[in-house]
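*Asks:*
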Amino acid sequence: MAWPLKSLLIAVILITSFKSLNGRTSTWGKKLPITTTEPEDPDMQVIRFGAILPHTSLITVSRSHNKKITDSLDTLTKGRNAKFNFTKYKKSLKPLIVPLPLDPSPTVVLNALCNQMLPANVTAILYLTNAEVYGSNAASAQYLLQLTGYLGIPVIAWNADNIGLEKVGIFVFVIACIIKCAMAK
């Protein structure tokens, strides 16, 4: 379970490296105060990682989710075997983890984004659900993805209800990428 989170975190860092945002500027362009957890070097970009996970009443499951995300982020940035040399230029802070119910109302989604994610100035969001029935949370997931799209926050989402809906489209896209790469050589 840890290696998919590491690859997702790598994708977040790669996505944010192409985005030219100052680490201290919020989405709305206001300067945020420097906290003690930010690096002292003003040239170092700060990456704030947010995660929206399914709410559970089992504390062991919640702790397990939090530990896996935090450990993946730590091994990516602080591990001795770190293969990436971007830690000189980017600083990752502790991830902000927000639990949401499986079928949240629009008000709950708005509160999670406006009251928790935006004030923390997250750079990207990992959105995971454990709904296994198609349609149980499709509307709320689409609402959350639409709002984050308007805000310009990249989202890495895994919704089990959307598996295989566009297999033909993905297959065509992969073939188009292979052909384009072959023509470039």
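The sequence shown lines up with residues -23 to -1, 1 to 162 when you count with mature numbering (1 follows the signal peptide of the UniProt record, and there is no 0).
Beta carbons: idealized from backbone N, C-alpha and C, even for Gly.
Going by the beta-carbon positions, is the gap between Leu77 and Leu35 smaller than 9 Å?
*Replies:* Not in contact: Leu77 and Leu35 (Cβ atoms no closer than 9 Å).
*Asks:* So, using beta-carbon positions, are Leu90 and Thr125 closer together than 9 Å?
*Replies:* Closer than 9 Å, so yes.
*Asks:* Within this structure, are the beta carbons of Ile24 and Ala101 separated by less than 9 Å?
*Replies:* Going by C-beta atoms, Ile24 is nearer than 9 Å to Ala101.
*Asks:* Could you tell me which of Leu122, Lys44, Leu105 sits nearest to Ala28, measuring between CA atoms?
*Replies:* The shortest Cα separation from Ala28 among Leu122, Lys44, Leu105 belongs to Leu105.
*Asks:* Look at the Cβ atom of Pro72, then the Cβ atom of Ser117, and state whether they are nearer than 9 Å.
*Replies:* The answer is no: Cβ separation not under 9 Å.
*Asks:* Once you ignore the five residues that flank His42 on each side, which residues in its own chain have a CB closer than 6 Å to its CB?
*Replies:* Same-chain partners within the cutoff: Leu30.
*Asks:* Buried or exposed for Gln22, please, with buried defined as at least 16 other CB atoms from any protein chain shown within 10 angstroms of its CB.
*Replies:* Label assigned to Gln22: buried.
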